[in-house]
Amino acid sequence: DGPFSEKLRVPEALTFDDVLLRPKESRVEPDDADVKSRVSKNVELNVPVLSAAMDTVTESEMAIEMARQGGLGVLHRNMEVDTMVDEIERVKRADELIIRDVVTANPEQTVREVDGMMARQGVSGAPVVDDDDEVLGIISGTDIRPYLEVGDKDEVREAMTDEVITATETVTAREALELMYEHKIERVPIVDEENHLTGLVTMQGVLQRREYGEAVRDEDGHLRVGVAVGPFETDRAVAADEAGADVLFIDCAHAHNLNVIDGAREIKESVDADVVVGNIGTREAAEDIVDFADGLKVGIGPGSICTTRVVSGSGMPQITAISQVADVATQHDVPVIADGGIRYSGDAIKSIAAGADAVMLGSYFAGTDEAPGRVITIEGKKYKQYRGMGSVGAMKSGDGSRYLKDDPQDEDEYVPEGVEAAKPYKGTLESELHQLVGGMQSGMGYVGAETIPAFKERSEFVRISPAGQQESHAHDVMITDEAPNYSPGE
Ligand code: XMP
């Protein structure tokens with residue numbers, strides 16, 4: 008035997024279709040399975056699912072809806088830093104309990120003017136403030152209506168209600184609602200110690216927040232958001248951190264590159280937000296990163312639009328990759344995110360059994376309304392564009408540094424590691440997530456685990472053959488009605 012033939016005594020590496028969860032005794036009803044988990048040391052999720060940092064998957068619209076539904080959206084980095092800051096702020100402003108851009112009235116305006124202003128701004132009432140923003144009263148459609156009949160030139164000062172119920176910055180949604188019920192009002196101005204207006208809480212706003220009982224919020228009640236940054240983009244990372252990003256994701260195809268680790272370490276030292284480092288796929292990579300990372304992201308080439316493995320000849324089948332990283336991460340209490348290759352809810356819950364705390368998906372969400380881009384029709388069927396961030400198109404429109412070596416001068420010089428594609432149009436993210444999470448809960452039911460930590464411990468795999476794999480899919484039938492959570496090899 009020589010050194011090269013020795014190399015062929017190879018360890019086996021498995022992926023989703025190689026294994027199944029072994030059914031076990033259970034009293035757990037899927038609906039009772041609790042999917043709460045963590046994405047990083049300090050950030051918990053109600054639903055252990057992330058939308059991928061890709062320019063055809065996650066911008067603010069997706070991130071807002073992901074957080075409302077209990078997961079986390081990770082904004083891609085194919086945008087200027089200023090745009091990224093705007094996007095973070097958009098997520099942070101959505102569903103705010105205290106509105107900051109308050110439409111106000113001035114006591115000297117006429118009721119007619121204020122009536123027109125409120126109609127234009129789409130509000131039904133406004134605090135009345137003087138030039139120093141001191142709250143003098145509040146005016147609503149009900150106050151104005153009688154004046155419009157008789158004297159629409161009267162001043163707001165006459166028409167407004169001058170006994171205003173206010174609250175301070177520390178007000179909670181419950182307290183605000185109680186004030187509104189008690190005083191039969193629909194809005195509560197927020198004031199500082201000198202009675203200056205700092206914001207407004209509205210009944211509509213409180214009720215809207217209630218609709219999203221599972222939403223994931225920061226300490227100030229704002230929706231949480233993740234942001235991708237390059238390993239050498241310390242400036243972008245600092246800007247994202249200052250704008251309020253909750254988790255930064257070092258976005259790199261091979262984070263076990265020692266220069267990347269140096270860059271990631273520098274970023275970690277420069278920000279307050281949690282820093283997740285990835286992607287990696289081996290035990291050794293985890294060991295070199297786990298001491299400073301708040302989370303480890305796993306996936307070398309499993310993605311649906313990835314060609315890394317065929318282009319570079321390198322990669323690691325995802326179930327083995329997750330398990331190797333999780334072996335190390337668990338010892339340090341660092342969460343693991345399984346990124347890429349998840350086609351079905353079964354793949355997602357298998358990832359958790361292999362040791363992940365949360366999963367990241369691109370293709371699964373690319374066809375939803377909330378993903379950027381418009382719906383296109385091909386031969387009568389609706390699609391949305393989906394492309395790898397290492398595809399020529401994505402690299403050309405951004406800086407593509409995740410996959411780029413040197414800045415190419417013309418198209419032939421790109422060596423892409425991804426393709427540009429289309430995904431069938433899927434409707435709302437909410438319904439896609441419902442199927443995904445419902446399927447994951449179902450897996451927890453089969454294994455008999457009521458929580459994610461219990462599931463990680465109790466679940467076991469069996470190895471299956473290609474025949475077993477074939478048996479798993481719908482077979483020997485012609486599907487007549489599309490199921491919402493299953494489309495064989497679309
Ligand atoms: P899915 O399977 O959910 O995978 O579509 C999404 C993940 O794929 C990674 N990604 C890429 N990998 N070339 C690659 O090798 C690419 O062009 C590319 N773009 C995205 C990324 O980790 C994403 O979350």
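For reference, each letter of the sequence shown is one residue, going 8 to 497 in the UniProt record's numbering. We put the beta carbon where it would ideally sit given N, CA and C, even for glycine. Quantities reported herein were computed from a predicted structural model and do not represent experimental measurements.
Reference R152; option with closest CA among C259, P55, G445, T117: Per the Cα distances, T117.
When P30, S58, A183 are compared against V209, the one with the closest alpha-carbon: Position check: residue 209 holds Thr in this sequence, whereas Val was assumed. Across the set P30, S58, A183, the C-alpha of A183 shows the shortest separation from the C-alpha of T209.
Near the ligand XMP: A70 beta-carbon under 7 Å from a heavy atom: No, Cβ of A70 sits at least 7 Å from all heavy atoms of the ligand XMP.
N259 CB to nearest heavy atom of the ligand XMP below 7 Å: Per the sequence presented here, residue 259 reads as Cys, with Asn not at that position. Result no, Cβ not under 7 Å from the ligand XMP.
Residue environment, I484, which counts as buried when at least 16 other CB atoms sit within 10 Å: According to the sequence as given, residue 484 is Val; it is not Ile. Around the beta carbon of V484, fewer than 16 other beta carbons sit within 10 angstroms, so the residue counts as exposed.
Limits of the unbroken alpha helix (DSSP H) element including M210: From DSSP, the alpha helix (DSSP H) with M210 extends over 210-218.
Buried versus exposed call for D488 [16 or more other C-beta atoms within 10 Å across all chains shown]: Classification for D488: exposed.
Per-residue DSSP class, three states only, for R181: For R181, the three-state secondary structure derived from DSSP is helix.
Expected contact under 8 Å - CB spacing of G251 and R107 to nearest Å: G251 to R107, Cβ: 13 Å. No contact.
Closer than 7 Å: T315 CB and nearest the ligand XMP heavy atom: Within the cutoff, so yes.
Proximity to T241 [Cα-Cα], best of G306, E218, E273: Distances from the alpha-carbon of T241 to those of G306, E218, E273 put E273 closest.
Buried or exposed (CB count within 10 angstroms, at least 16 for buried), Q76: Counting other Cβ atoms within 10 Å of its Cβ, Q76 reaches 16 or more and is therefore classed as buried.
C-alpha gap between G446 and G353, whole angstroms: Distance between the alpha carbons of G446 and G353 is about 7 Å.
Check: I326 C-beta below 7 Å from any heavy atom of the ligand XMP: No, the Cβ of I326 stays beyond 7 Å of every heavy atom of the ligand XMP.
Classification of V469 by the beta-carbon crowding that lies within 10 angstroms, buried from 16 upward: Here V469 is exposed, its C-beta having fewer than 16 other C-beta atoms within 10 Å.
Cut-off 6 Å between Cβ atoms - residues of its own chain near F299, not counting five sequence neighbours on either side: Cβ within range, chain order: R272, K275.
Start-end ranges of the alpha helix (DSSP H) lying completely within the region 74-157, minimum 4 residues: As far as the region 74-157 is concerned, its whole alpha helix (DSSP H) runs of at least 4 residues are 88-100, 118-128, 148-157.
The region 169-177 / the region 76-86 touching (three or more Cβ pairs under 8 Å): The region 169-177 is not in contact with the region 76-86.
Whole-angstrom distance between Y493 and A246, CA atom to CA atom: Spanning the two alpha carbons is a distance of roughly 41 Å.
Strand pairing of V206, partner residues [DSSP]: According to the sequence provided, residue 206 is Gly. The question's Val does not apply to it. Answer is I197, bridged to G206.
Nearest to G380 (by Cα), restricted to the options K430, I344, A180: With distances taken between Cα atoms, G380 lies closest to K430.
Start-to-end residues for the beta strand (DSSP E) that takes in E467: Here E467 belongs to no beta strand (DSSP E), and DSSP marks it neither H nor E.
Status (buried if at least 16 other CB within 10 Å, exposed otherwise) for G434: The residue in question, G434, is exposed, as its Cβ has fewer than 16 Cβ neighbours within 10 Å.
Unbroken stretches of the alpha helix (DSSP H), 4 residues or longer, contained in the region 293-326: Secondary structure within the region 293-326: the alpha helix (DSSP H) runs of 4 or more consecutive residues, fully enclosed, are 315-319 (chain order).
Three CB pairs or more closer than 8 Å across the region 10-17 and the region 317-326: These segments do not touch.
F256 to R84 span [Cα, whole Å]: Distance between the alpha carbons of F256 and R84: 10 Å.
For L368, the nearest candidate out of S311, G144, F462, H190 (CA to CA): If we check each option's Cα against that of L368, S311 comes out closest.
Unbroken beta strand (DSSP E) run spanning D248, endpoints: It is not in any beta strand (DSSP E) - D248 instead sits in the alpha helix (DSSP H) that spans 241-250.
Where D41 falls: helix, strand or coil (DSSP): D41 falls in the strand class under three-state DSSP.
Pair within 8 Å by beta-carbon distance, V130 and A180: No, they are not a contact pair.
Integer-rounded CB distance, given that P55 should sit under 8 Å from A365: At roughly 4 Å, the Cβ-Cβ gap stays under 8 Å, so A365 and P55 are in contact.
Segment limits, alpha helix (DSSP H) that includes L265: DSSP places L265 in the uninterrupted alpha helix (DSSP H) bounded by 265-277.
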